[in-house]
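Protein sequences appear in the order of chains F and P. Per the working numbering, the very first residue in the first sequence carries number 996; after that it's consecutive. Per the working numbering, the very first residue in the second sequence carries number 996; after that it's consecutive. Reading through the structure tokens given below for one structure.
2 protein chains.
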Amino acid sequence: MPLTEFEIIKRYFTHRARGAVLGVGDDAAILRARRGVELVVTADMLVAGRHFQKGADPQRLGHKALAVNLSDIASMGGVPRWATLSISLPDANERWLAAFARGFMRLARRHGVDLVGGDTTRGPLNISVQVIGEVPAGRALRRDGARAGDDVWVSGTLGDAALALAAGRLRLAPRERRALATKLDMPAPRIGLGLALREAARSAIDVSDGLVADLGHICERSRVAAVVQFERIPVSPTLGRYRDRPVARAAVLAGGDDYELVFTASRGQRDAIARISRRLRVRLTRIGSITRPRRGRPVTVIGLDGRPLSLARTGYSHF
Amino acid sequence: MPLTEFEIIKRYFTHRARGAVLGVGDDAAILRARRGVELVVTADMLVAGRHFQKGADPQRLGHKALAVNLSDIASMGGVPRWATLSISLPDANERWLAAFARGFMRLARRHGVDLVGGDTTRGPLNISVQVIGEVPAGRALRRDGARAGDDVWVSGTLGDAALALAAGRLRLAPRERRALATKLDMPAPRIGLGLALREAARSAIDVSDGLVADLGHICERSRVAAVVQFERIPVSPTLGRYRDRPVARAAVLAGGDDYELVFTASRGQRDAIARISRRLRVRLTRIGSITRPRRGRPVTVIGLDGRPLSLARTGYSHF
């Protein structure tokens, strides 16, 4: 007997929602936001064949589907609280569902997120997640707060997720290959960093479409431009070995899926940011600065020779 | 040149979000809930070939994708405030998108709902909507409030949406066929009714899976049973002509997609409910009553001969 929708929800996606007045099981969930907060709301859709391969590991997929949304909450400086999950599946494969739910729910528990609703239906594999978070009123980290003179910072290292997709063209040890795949499949949303940056940063975004494209979004919304020093961009040792190859350069500048935070802060915040880095044990690197707006593309990347790199492919477009 | 994701969002889905601090265009939207409210949150996914035909009219689809979520908010007694829309499309067909957005945004404006975020990507046609509404704290209409002795009520008429799917097997005038199709494609969420029922009703649900299944959900959550008189269930004149045929009986009892409200209320509320019906000009019909729980299926439907009907197909399952 195939599972019905009700059985699927009951078996795999029902947990005691401590932060909700009423969780899964009614027409809608009932939530109570804390006093003095604003809500930050985000939604992302992952499609088989586009965002992941059809045979992708379901546990990793469950993790990633939630992680990409948590990353959006992190880049706003929010605390994630509630999620909804709508999923369309070719069939009600119990094994697949159990693994998917394990990956999703494990990450949800780690960040105190309650799954409060959603929908399951039959159809081509499609995973649509929404997350609601909280942020003290007026304190969200937005894209539109950058000012000329700000430093540009990035967390962690960039490019590994995109390099994982090109791994077939590189000579890599199995261990390196697995490490890159983990970066691509199991991004760690920078929730703690986003919270700490509410004090120190003026603007922030997560790197989902690629550094140049995402920093470009900050520039557009803030009506500024940015200059980045290519050699300052932090990369993993594996990526470093290929740094001068076009595939690696593209991964660093235009590779999506790293889910690190790019943020801007005044020069006066450098010590505070160094303290945050030590406290959270997250590498934070100053890679450039914000300038006044100018004609042409908002983001300039300067190479080792002091001249701007030409940026053929600057970001991921979903169409 | 195909449209990029950014152009699609900008062109079709950006409007001034009056009820949001920050709408489309950042990593997440920022919302401020009113004081003393709880949030009601719902999510639904519509898949081509399952919930609608591949060539379905995009404007009607835009309407329906939002309407089914608004209906969930209505059945909670909530005021819908914000929506997110994630959509996967085989190609960025501008004409299709413009029509879809027209249907979606028109209904959103009618109910004061702001589209505050979402995602567009390429893939098999899939529409995933989430709506957040508000309800005064502790006042939501839930499924678990029904008590033995309550009347069972339903709004409007039932069965037309399901009959539209069987229209090929019936002798219908073109005008009748169009009217049924409109009931299926363009449901009117009962927002005003849900608000009015916060005072009068003890429990409510919207008819999305079929009367017997949805009233059954109320019974399960409330630990009661229900008895419904088949001949009292209100139907349209068109459906009435086929009332004794199995296809019509199945449409009335097990047809989903009507998006009317089924609710329970104490007998003392009959006058109040009649007043609500007159004020809102919505037909409200008493079709049965709630009883103590008993063995077997929670909902019994009594036929004209006074004996229970056998209910082979009692509701829609998504798998």
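Beta carbons: idealized from backbone N, C-alpha and C, even for Gly.
Taking 7 Å as the CB-CB limit, is residue i close to chain P?
i	result
E1319(F)	Because residue 1319(F) is not part of the residues shown, which for chain F are 996 to 1314, the question remains open.
S1305(F)	no
P1182(F)	no
M996(F)	Summary for M996(F): the model assigns pLDDT 44, below 50, so the residue's position carries little reliability; its value from the coordinates is reported in the next sentence. Not an interface residue.
Q1048(F)	no
P1293(F)	no
A1060(F)	no
D1052(F)	no
A1176(F)	no
D1266(F)	no
A1103(F)	no
Spatial neighbours of residue i within its chain, please: C-beta separation below 7 Å, excluding the five flanking residues on both sides.
i	result
S1305(F)	none
R1029(F)	E1129
G1237(P)	Note on residue identity: the sequence assigns Tyr, not Gly, to residue 1237(P). Within the same chain, Y1237(P) has close Cβ partners L1165 and A1243.
S1081(F)	G1113, D1114 and S1123
R1134(F)	G1072 and R1193
Considering only their Cβ atoms, is the gap separating residue j from residue i smaller than 7 Å?
i	j	result
I1268(F)	V1219(F)	no
A1157(F)	G1250(F)	yes
M1367(F)	S1123(F)	In this structure chain F extends from 996 to 1314, so residue 1367(F) is not present and cannot be described.
A1246(P)	G1154(P)	yes
V1130(P)	V1035(P)	yes
L1136(F)	A1159(F)	no
W1077(F)	V1111(F)	yes
I1213(P)	I1228(P)	no
V1296(F)	V1223(F)	yes
A1195(P)	A1260(P)	yes
R1197(P)	A1141(P)	yes
D1139(P)	R1262(P)	no
T1079(F)	G1113(F)	yes
D1067(F)	A1023(P)	yes
L1248(F)	V1207(F)	yes
D1146(P)	R1281(P)	yes
Which residues in the same chain as residue i place their Cβ atom closer than 6 Å to its Cβ, once the five residues preceding and following it in sequence are excluded?
i	result
V1277(F)	S1150 and L1188
A1069(P)	P1184, R1185, I1186 and G1189
G1211(F)	P1293 and V1294
Y1007(F)	L1092 and A1096
S1231(F)	T1152 and D1155
N1329(P)	Here chain P has residues from 996 to 1314 only, and residue 1329(P) is not among them.
A1094(F)	P1053 and Q1054
T1233(P)	E1171
V1074(F)	G1128 and E1129
Q1264(F)	A1195
In chain order, what residues of the same chain lie with their CB nearer than 8 Å to the CB of residue i, ignoring the 5 residues before and after it?
i	result
L938(F)	Not covered by the structure: residue 938(F). The range shown for chain F is 996 to 1314.
R1287(P)	A1143, V1219 and A1220
K1049(P)	A1043 and L1120
R1302(F)	none
For the ligand MN, I want to know if residue i counts as a neighbour, meaning its beta carbon is within less than 6 Å of at least one of the ligand's heavy atoms.
i	result
V1035(F)	Judged by which ligands are present, the structure shown has none, so any question about the ligand MN falls away.
Less than 7 Å between CB atoms is the rule here; does residue i satisfy it with respect to chain F?
i	result
A1195(P)	no
D1209(P)	no
A1260(P)	no
D1321(P)	The structure shown does not extend to residue 1321(P), since chain P spans only 996 to 1314, so no value can be given for it.
D1067(P)	yes
A1249(P)	no
D1253(P)	no
A1024(P)	yes
Q1125(P)	yes
D1021(P)	yes
By the criterion of Cβ-Cβ separation under 9 Å, what are the contact partners of residue i in chain B?
i	result
A1191(F)	Here chain B cannot be found, since the structure's protein chains are F and P.
inquiry  = Beta carbons nearer than 9 Å to chain F: which residues of the stretch 1026-1046 of chain P have them?
reply    = L1026, R1027, A1028, R1030, V1032, E1033, L1034, V1035, V1036, T1037, A1038, D1039, M1040, L1041, V1042, A1043, G1044, R1045 and H1046
ask   = According to a CB-to-CB cut-off of less than 9 Å, which residues of the stretch 1087-1098 of chain P neighbour chain F?
value = A1087
key: Completely contained beta strand (DSSP E) runs for the stretch 1177-1265 of chain F, where each covers 3 or more residues   = 1198-1201, 1220-1224 and 1256-1260
message = For the stretch 1134-1160 of chain P, list every residue whose C-beta sits within 7 Å of some C-beta in chain F, in sequence order.
response = A1135, R1137 and R1138
message = What ranges does the beta strand (DSSP E) occupy inside the stretch 1019-1104 of chain F, keeping only unbroken runs of at least 3 residues that lie completely in it?
response = 1024-1026, 1032-1042 and 1074-1084
ask   = When you check each C-beta in the stretch 1069-1086 of chain P against every C-beta of chain F, which residues fall closer than 9 Å?
value = A1069, S1070, M1071, G1073, W1077, T1079, L1080, S1081, I1082, S1083, L1084 and D1086
ask   = For the stretch 1105-1122 of chain F, which residues have a beta carbon sitting closer than 7 Å to at least one beta carbon of chain P?
value = V1111, G1112, G1113, D1114, T1115, T1116, R1117, G1118, P1119 and N1121
request  = Counting only runs of 3+ residues fully inside the stretch 1125-1159 of chain F, write out the beta strand (DSSP E) ranges in chain order.
outcome  = 1146-1150
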